[in-house]
Amino acid sequence: MVCLTGRDAQSHIVTELKMLNHLHLLLLQTTSCTSPISSSHHTQPN
7 MVCLTGRDAQ SHIVTELKML NHLHLLLLQT TSCTSPISSS HHTQPN
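In this text, residue positions in the sequence shown follow this note's numbering: the first is 7, and each later residue adds one.
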């Protein structure tokens, strides 16, 4: 682990959060894109 202090640590955390947010959005996009397709293919009553 690299210890960062002050502004460096803050910008590092912001970068990490942006990456996580980006991954989360990608995950949401893929799940929202695939789930309606798979459900329409199977058409299982819930």
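Ideal Cβ placement from N, Cα and C applies to all residues, glycine included.
field: Helix, strand or coil at Thr21 according to DSSP, with G and I counted as helix
entry: In the displayed model, Thr21 falls within a helix according to three-state DSSP.
query: Roughly how many angstroms separate the alpha carbons of Met25 and Ile19, rounded to a whole number?
result: The straight-line gap from Cα to Cα measures roughly 10 Å.
task: Please report how far the alpha carbon of Thr21 lies from the alpha carbon of His28, in whole angstroms.
output: Distance between the alpha carbons of Thr21 and His28: 10 Å.
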